[in-house]
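In the order they appear, the protein sequences are chains A and B.
Heads up, the first sequence is in the numbering used here, so the first residue is 31 and it goes up one at a time.
Heads up, the second sequence is in the numbering used here, so the first residue is 27 and it goes up one at a time.
A virtual CB, placed ideally from N, CA and C, is assigned to each residue, including glycine.
Read through the structure below, which is laid out as structure tokens, and then see the notes.
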Amino acid sequence: MKRMGFKEALFILPAIIIIAVFSLWPILKVINYSVFDYQLNDQQKSKLSLDEKFNVDLFKENADYVMMFIDMNRFSFPEDVQGKVDEVLNNVNDFKELLADQSGFIELGGELKGQVRTHYSKLIEDVDFFINNYDFPDRENLILIMEDTKKCFVQSNFIGFEGYRNALKDERVHDALGHTVIFTIVSVALELVLGLGLAIIMNKAMKGQGIVRAVSLIPWAIPTTVAALMWSYLYDGSNGIIANILQNLHIISDSRNLLLSGGGAMTSAILADVWKTTPYMALLILAGFQTIPGAVYESAKVDGSGVFNTFFKITLPLLKPSILVALLMRTLDAFRVFDLIYVLTGGGPGGSTETMSIYAYKTMFQQTNFGYGSVVVLLMVVCVAIIATFYIKILGANVMERD
Amino acid sequence: MDKKSNNFKTMVLIFIALYLVVIIFPFIWVFLTSFKPTQEIFGEGAFRIISQNPTLENYANVLKNGIFRSMWNSFVVASITSVYVVMVATLAAYAITRFKFRGKNLLLGIILAVSMFPQMIIVGPIYNLFMNLNLTNSYFVVLPYSTITLPVAVFILVTHFNKIPIALEEAATIDGATSMQILSKIVFRLAAPGIFTTAIIVFIAAWNEFLLTVTLNTNKAYHTVPVAISFLRTQFTILWGEVTAATVIVTIPTLIIVLLFQKQIVSGLTSGAVKE
Chain A
31 MKRMGFKEAL
41 FILPAIIIIA
51 VFSLWPILKV
61 INYSVFDYQL
71 NDQQKSKLSL
81 DEKFNVDLFK
91 ENADYVMMFI
101 DMNRFSFPED
111 VQGKVDEVLN
121 NVNDFKELLA
131 DQSGFIELGG
141 ELKGQVRTHY
151 SKLIEDVDFF
161 INNYDFPDRE
171 NLILIMEDTK
181 KCFVQSNFIG
191 FEGYRNALKD
201 ERVHDALGHT
211 VIFTIVSVAL
221 ELVLGLGLAI
231 IMNKAMKGQG
241 IVRAVSLIPW
251 AIPTTVAALM
261 WSYLYDGSNG
271 IIANILQNLH
281 IISDSRNLLL
291 SGGGAMTSAI
301 LADVWKTTPY
311 MALLILAGFQ
321 TIPGAVYESA
331 KVDGSGVFNT
341 FFKITLPLLK
351 PSILVALLMR
361 TLDAFRVFDL
371 IYVLTGGGPG
381 GSTETMSIYA
391 YKTMFQQTNF
401 GYGSVVVLLM
411 VVCVAIIATF
421 YIKILGANVM
431 ERD
Chain B
27 MDKKSNNFKT
37 MVLIFIALYL
47 VVIIFPFIWV
57 FLTSFKPTQE
67 IFGEGAFRII
77 SQNPTLENYA
87 NVLKNGIFRS
97 MWNSFVVASI
107 TSVYVVMVAT
117 LAAYAITRFK
127 FRGKNLLLGI
137 ILAVSMFPQM
147 IIVGPIYNLF
157 MNLNLTNSYF
167 VVLPYSTITL
177 PVAVFILVTH
187 FNKIPIALEE
197 AATIDGATSM
207 QILSKIVFRL
217 AAPGIFTTAI
227 IVFIAAWNEF
237 LLTVTLNTNK
247 AYHTVPVAIS
257 FLRTQFTILW
267 GEVTAATVIV
277 TIPTLIIVLL
287 FQKQIVSGLT
297 SGAVKE
């Protein structure tokens with residue numbers, strides 16, 4: 031094999047750049063988001079800021095009103111605090127001068143931070159003194175202005191691991207994880223058993239393999255949202271044929287319960303997934319079957335091995351590698367399920383089919399809480415890593431073919 | 027003995043037939059419904075198989091709603107994605123199978139990990155990036171599509187390149203061919219079926235992509251088929267006639283691809299042993 035020189039490196043460069051920009055960078059970014067209280071629709075939290083910020087424009091606007099209200103009401107205050115009135119006015123003037131060249135949000139750091147803090151706390155203290163001790167015409171207005179002025183300080187929205195702590199305590203995360211695990215285990219188990227059975231039958235069928243293969247590919251190939259929409263029609267409480275059949279067979283008591291009860295909705299989602307993916311599973315296992323040479327069966331027969339014995343002692347062990355890889359990929363896909371449930375139930379009814387993906391999506395794009403949504407996504411990543419490790423290390427799935 | 031094996035064959039046939047019915051039934055039912063007028067879809071007539079007054083009204087309504095626009099969008103994004111992802115993946119897979127370099131296993135590990143990550147992880151940062159660069163509501167959505175397609179493409183192509191004996195290239199080198207000639211005249215030609223297979227798998231994956239488009243392209247003019255379809259549900263919660271007609275229309279391209287390229291698809295699915 032040739033060693034890689036500069037010219038050869040150009041071959042992998044595009045792939046590395048694309049993966050770095052569109053896969054790795056976002057992952058680092060999500061980790062970054064997750065330690066901030068980062069909410070797009072909240073002006074105070076819509077940026078990731080490690081340092082405290084100060085809203086200069088807001089301050090300048092309010093400062094003039096503060097001076098005006100204090101100055102105009104000067105004669106409502108007794109003689110002995112007139113000096114204090116001037117103090118407030120001077121303080122605000124100095125404060126304004128300090129920030130004269132600034133505008134917008136500024137990061138408070140170093141010397142400026144101390145000065146702003148000093149002026150600010152003195153201002154609050156003095157004005158509160160007047161508000162608390164005296165009654166004057168513009169008292170109510172001054173209170174409102176001071177409330178607004180207190181918003182000038184924008185705290186850093188760095189929260190460290192607090193998001194993670196909240197997520198671990200969050201009932202909705204627990205529920206979402208539970209739904210995801212149930213969906214994954216039940217649908218993958220059904221798909222494996224049915225897929226294996228189908229593969230055995232397909233392997234025996236001599237005629238019509240082309241048709242069977244083509245038909246099997248269709249559910250896999252159509253967009254998941256299309257499949258979900260189709261099934262939501264078939265499951266529909268009053269007009270859905272499947273709901274109607276199930277009711278007539280007395281499997282469910284009322285056809286409307288199918289999508290409107292928690293258990294019914296989860297079952298419906300699992301069945302739709304099984305319909306869409308079992309044929310795909312069967313095709314993968316069938317391909318595994320076809321790599322087993324016929325001679326293996328011949329010799330098993332000669333040695334007097336029965337049908338069951340042959341299946342469990344010879345076929346299954348030989349199939350194990352291809353089944354494991356297919357299972358791993360299916361498990362991960364089921365764990366990440368989004369499109370199907372988003373369209374079929376939207377996570378409902380009452381959050382009973384809300385999976386981790388759905389919850390993360392809702393947090394990020396409906397509540398625009400990117401910080402917490404990122405935490406939920408990262409919890410998913412941890413689960414995915416556990417699943418992958420389990421399959422690869424414990425069951426010995428060989429995902430990477432050695433070259 | 028003969029009788030027994032005949033029975034067995036019949037059983038197999040019955041099972042296969044049953045299986046085909048289960049798979050196809052939803053399509054048939056949706057197809058039949060799409061020709062029913064609204065009053066037959068609801069109420070008593072809902073479970074009648076053949077419509078009494080078949081109509082094309084549902085199709086007319088769906089076409090008015092711009093279903094062809096979303097099919098065109100899907101076609102554009104899927105085509106662009108297939109072309110650039112397959113080009114990038116071909117080069118990478120060739121380098122991985124032919125050259126020795128440090129960090130090869132790390133690269134393969136990263137590609138594998140990316141294929142396993144939940145796609146949800148990239149959506150937030152990509153959304154912000156696209157907002158800042160003003161790229162939302164455009165075909166630039168094909169760039170992040172690489173996360174779901176590039177790893178698969180690389181794995182399928184690595185498997186294919188591994189099957190092409192290196193000896194051929196070595197012989198060509200001895201005969202005085204330049205490395206460019208070797209690439210274009212030998213390697214890519216021999217790998218063409220594998221490259222084509224990869225392109226089809228990538229095309230289907232990109233055609234079906236939902237999450238990125240629904241978040242990045244909120245403008246209806248840039249909706250792809252999966253997104254447009256998902257909006258039918260909220261828009262017409264009960265207009266099943268249009269829903270079924272739209273389903274029939276958007277399933278046709280997939281049907282054609284599957285029927286034409288089923289062998290390539292199956293080989294792609296099994297050779298990389300990786301989904302989609």
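Can you give me the C-alpha to C-alpha distance between I173 (chain A) and V111 (chain A), rounded to a whole angstrom? 19 Å
Residues bridged to I136 (chain A) (per DSSP): A:F84
Using a Cβ-Cβ cutoff of less than 8 Å, which residues in the same chain neighbour I192 (chain B) once the five nearest sequence positions on both sides are dropped? R124
Would a check of beta-carbon distances place A229 (chain A) closer than 8 Å to chain B? no
Which of the three DSSP states, helix, strand or coil, is assigned to V367 (chain A)? coil
Grouping DSSP H, G and I as helix and E and B as strand, with all else coil, what is K62 (chain B)? coil
Apart from the five residues just before and just after L80 (chain A), which ones in its own chain have a Cβ nearer than 6 Å to its Cβ? S186, F188
Compare the C-beta of Y85 (chain B) with all C-beta atoms of chain A and state if any pair is closer than 8 Å. no
Using only CA atoms, which one of A:A257, A:I422, A:E384, A:I241 lies nearest to K306 (chain A)? A:A257
With R95 (chain B) as the anchor, note down where its alpha helix (DSSP H) starts and where it stops. 93–124
Residue range of the alpha helix (DSSP H) that E195 (chain B) falls in? 192–200
DSSP three-state call for N399 (chain A): helix, strand or coil? strand
Residues in the same chain with beta-carbon distance under 7 Å from V30 (chain A), minus the five sequence neighbours each way, listed in chain order, please. No information on residue 30 (chain A) is available, as it lies outside the stretch 31 to 433 that chain A covers here.
Three-way DSSP call (helix, strand, coil) for K32 (chain A) in this model: strand
Return the chain-ordered list of same chain residues with a C-beta closer than 7 Å to the C-beta of T398 (chain A), the five sequence neighbours on each side being excluded. Q69, L70, N71
At a Cβ threshold of 8 Å, is R215 (chain B) touching chain A? no
Using the C-alpha atoms, what's the distance from L357 (chain A) back to Y45 (chain B)? 21 Å
Can you check the stretch 328–394 of chain A for any alpha helix (DSSP H) of at least 4 residues that lies completely inside it and give the ranges in chain order? 337–340, 346–365, 369–374, 386–391
Have a look at E384 (chain A) and N196 (chain A) and give me their C-alpha separation to the nearest angstrom. 18 Å
By Cβ distance below 7 Å, which residues in the same chain neighbour F262 (chain B) in space, the five residues on each side in sequence not counted? With a pLDDT of only 49 at F262 (chain B), under 50, the local geometry of the prediction cannot be trusted, and the value read off the model is given with reservation. Taken in chain order, the residues that qualify are E268, V269.
Since V122 (chain A) contacts M102 (chain A) with CB under 8 Å, what's their CB separation in whole angstroms? V122 (chain A) to M102 (chain A), Cβ: 14 Å. No contact.
When you compare only the Cα positions, how much space is there between T107 (chain B) and P323 (chain A)? 38 Å
Does the beta carbon of R33 (chain A) come closer than 8 Å to any beta carbon on chain B? yes
With Q73 (chain A) as the anchor, note down where its alpha helix (DSSP H) starts and where it stops. Here Q73 (chain A) belongs to no alpha helix (DSSP H), and DSSP marks it neither H nor E.
For the alpha helix (DSSP H) containing S291 (chain A), list its first residue and its last residue. From DSSP, S291 (chain A) is part of no alpha helix (DSSP H); its letter is neither H nor E.
Return no unless some Cβ of chain A is closer than 8 Å to the Cβ of M206 (chain B). no
What is the rounded straight-line gap between the Cα of P170 (chain B) and the Cα of T162 (chain B)? 12 Å
With 16 other Cβ atoms within 10 Å as the buried cut-off, status of E66 (chain B): buried
Ignore the nearest five residues each way along the sequence and tell me which others in I161 (chain A)'s own chain have a CB closer than 7 Å to its CB. R169, L172, I173
Take the Cβ of H204 (chain A) as the centre, count every other Cβ of all protein chains shown within 10 Å, and call the residue buried at 16 or more, exposed below. exposed
In whole angstroms, what is the alpha-carbon distance linking I221 (chain B) and V109 (chain B)? 10 Å
Indicate the three-state DSSP secondary structure (helix, strand or coil) for F191 (chain A) in the structure shown. coil
Under 8 Å by beta carbon: chain A residues contacting Q290 (chain B): Ordered by position in chain A, no residue passes the 8 Å Cβ test against Q290 (chain B), which lies about 11 Å from the chain.
How big is the Cα-Cα spacing for I61 (chain A) and V223 (chain A)? 38 Å
Thinking C-beta only, is P279 (chain B) closer than 8 Å to M97 (chain B)? yes
Looking only at C-alpha atoms, which of A:E137, A:M311, A:D284, A:L128 sits nearest to S246 (chain A)? A:M311
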